[in-house]
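In what follows, a structure is listed as structure tokens, so that the remarks can point back to it.
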Amino acid sequence: MVQTQTQPKIQFQQAPTTHPQWAYFEGKLVPIGDAKISIMTQVVNYGIGTFGGVRAYWNERENQLYVFRIDDHIRRFLNSGKLFNAQYTFTASEIRNAIIELLRREGYREDAYVRPLIYNATEDITPRMYDVEFRFACFTKPLGNYISLQVRAGTSSWRRVDDNIIPARGKVTGAYVNSALAKSEAHWNGFDEAIVLNQDGHVSEGSAMNLYIVRDGKLITSPVSDNILEGITRKTTLQLAHDLGIETTERSIDRTELYVADEVMFCGTGAQVAGVIEVDHRAIGDGKPGPITRKMQDAYFAVVRGENAKYKNWLTPVYT
């Protein structure tokens with residue numbers, strides 16, 4: 000088995016242990032210890048809620064923290080709520096302001112992660128999405144690499160939830176039991192991450208990230224109809240690949256295509272852009288991130304850190 004410890008060209012900070020101090024809860028900023036919900040709420044009992052994941056990247060040279068594609072993330076976040084017809088009064092503008100103010104209040108001088116939440120706050124034992132109250136909350140935390148930038152993955156025995164069961168295209172809280180089962184199985188089997196198939200046996204995505212393969216110099220990724228999350232990072236990498244002149248195709252991927260791929264790559268807000276160097280105990284390529292993966296990593300991290308002026312419109316500065 001060919002394996003290597005060679006790291007990507009750019010080195011990234013690891014997640015510090017700093018605990019966040021503030022949350023946005025019930026319409027205002029409060030100490031995070033005061034942001035509490037009842038064990039009787041339907042989000043606790045039935046997982047009726049949705050969440051988002053937003054990254055903010057520290058640029059040391061500019062002494063600035065940049066939130067990446069904040070409006071795209073908020074749009075998807077609210078669309079996730081539409082999947083269960085959530086009725087609420089808060090607006091995209093309120094969510095945006097809450098995120099920026101939280102980050103400013105924390106005063107981060109490092110990479111950070113933002114977790115907005117829409118949750119069913121109704122205290123009743125009948126699971127439902129009508130005659131209930133949905134509320135908005137948000138917290139942030141320092142975060143470096145969610146997973147390593149080179150990963151050993153295993154195909155999960157758990158299938159991705161189907162769109163007609165719980166739609167995977169939204170970040171629905173209760174649906175992530177599916178991700179937890181796949182991720183835990185991968186860990187127990189000695190892998191870093193899981194690759195999950197859909198109900199038809201085609202490759203869907205990782206436990207909580209989208210997936211690409213490279214064959215003959217072409218990037219291939221599963222279509223949104225194969226029960227994947229409609230990822231913001233996926234959308235970003237598709238655009239970057241186009242701009243870099245890398246041919247990209249969206250189509251269904253068979254499991255065995257993973258084994259014969261030249262490269263396999265994960266992407267997501269948490270995962271960022273990570274090379275998959277092994278799948279089901281089979282080395283991918285020469286057992287290290289390949290040239291297209293490295294090119295995509297370099298391009299992605301330059302963009303999110305504000306080092307590529309062409310994409311500065313994707314960044315929102317926190318400190319003004």
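Start counting the sequence shown at 0; every next residue gets the next number (numbering that gives the first Met the number 0).
We put the CB at the ideal spot given by N, CA and C, even for glycine.
Note down, in chain order, each residue of its chain lying with its Cβ closer than 6 Å to the Cβ of P126, except the 5 sequence neighbours on either side. Hits under 6 Å: Y45.
Backbone CA spacing between A111 and N188 [nearest angstrom]: Using only the alpha carbons, I get a separation of about 30 Å.
Would you call the region 16-33 and the region 183-202 touching, i.e. three or more CB-CB distances under 8 Å? No contact exists between the region 16-33 and the region 183-202.
Rounded Cβ spacing between V263 and I212 (contact assumed at less than 8 Å): Correct: roughly 5 Å between the Cβ atoms.
Output yes or no for whether 9 Å exceeds the beta carbon distance between A22 and F133. Against a cut-off of 9 Å, the Cβ pair of F133 and A22 comes out as no contact.
At least three beta-carbon pairs within less than 8 Å, the region 112-122 to the region 151-164: No, they do not touch.
Separation of K35 from L239, as counted between CA atoms: Approximately 40 Å between the Cα atoms of the pair.
Looking only at C-alpha atoms, which of L102, F83, L77 sits nearest to A91? Here the closest residue by C-alpha is L77.
Inter-residue spacing [alpha-carbon to alpha-carbon] between I252 and V42: Cα-Cα distance, rounded: 34 Å.
Name the residue from P19, G244, R54, V202 whose alpha carbon lies nearest to the alpha carbon of L64. Per the Cα distances, R54.
Boundaries (first-last residue) of the beta strand (DSSP E) holding A136: Counting along the chain, the unbroken beta strand (DSSP E) around A136 starts and ends at 133-141.
Assumed close pair S203, N226 - CB separation to whole angstroms, cut-off 8 Å: S203 to N226, Cβ: 5 Å. Contact.
Comparing C-alpha positions only, which one of A181, D33, G205, A301 sits nearest to L228? Ranking the options by Cα distance to L228, first place goes to G205.
In whole angstroms, what separates the C-alpha of Y145 from that of N84? Straight-line Cα distance between these residues: approximately 31 Å.
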